[in-house]
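Q: Attaching a single structure in structure tokens format; questions to follow.
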């Protein structure tokens, strides 16, 4: 395996880990990592639920990237994209759901 492939795998795993940590912070109620414009209409009562949904979506995006990085290193060509796409689609779907439900729109 070439060095560039190992670096690419490592970067995907590292970025996935960062997203998982941010998602955990969001799940615990700290929504300050979400841009103010995207959380300005969220009521105080809805902030914990909003944080949990956004955090879960962020964790799934990060887990998909981490799994993709691991698969890219060990699995045959092209298989690594499956967990990345699945994680991103489901994670972004959860974030979109939270944004529409608790912020009453995208912006």
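In the working numbering, the protein residues as written are 5 to 111.
Here a beta-carbon is modelled for each residue, glycine too, at the ideal position from N, C-alpha and C.
Does the Cβ of residue 44 have 16 or more other Cβ atoms within 10 Å, making it buried, or fewer, making it exposed?
A: If you number the chain shown from 1, residue 44 lands on position 40. It is exposed - the Cβ of residue 44 has fewer than 16 other Cβ atoms within 10 Å.
Q: How is residue 116 classed by DSSP in three states: helix, strand or coil?
A: Outside the shown range of the chain, which is 5 to 111, sits residue 116, and nothing can be said about it.
Q: Are the CB atoms of residue 95 and residue 66 nearer to each other than 9 Å?
A: Here residue 95 refers to the residue found at position 91 when the chain shown is read from its first residue. Here residue 66 refers to the residue found at position 62 when the chain shown is read from its first residue. Contact flag set, yes.
Q: Once the 5 residues before and after residue 60 are set aside, which same chain residues still bring their CB inside 6 Å of it?
A: Along the chain shown, one-based indexing puts residue 60 at 56. Same-chain partners within the cutoff: 98.
Q: Beta-carbon separation of residue 73 and residue 20 under 9 Å?
A: Residue mapping note: residue 73 aligns to position 69 of the chain shown, counting from 1. Residue mapping note: residue 20 aligns to position 16 of the chain shown, counting from 1. In this structure, residue 20 lies closer than 9 Å to residue 73 by Cβ.
Q: Quick one: grab the DSSP three-state call for residue 32.
A: Here the question's residue 32 lines up with position 28 in the chain shown. Three-state DSSP puts residue 32 in coil, outside helix and strand.
Q: Return helix, strand or coil for residue 43, following the three-state DSSP convention.
A: Walking along the chain shown from the start, residue 43 turns up at place 39. If DSSP states are grouped into helix, strand and coil, residue 43 belongs with the helices.
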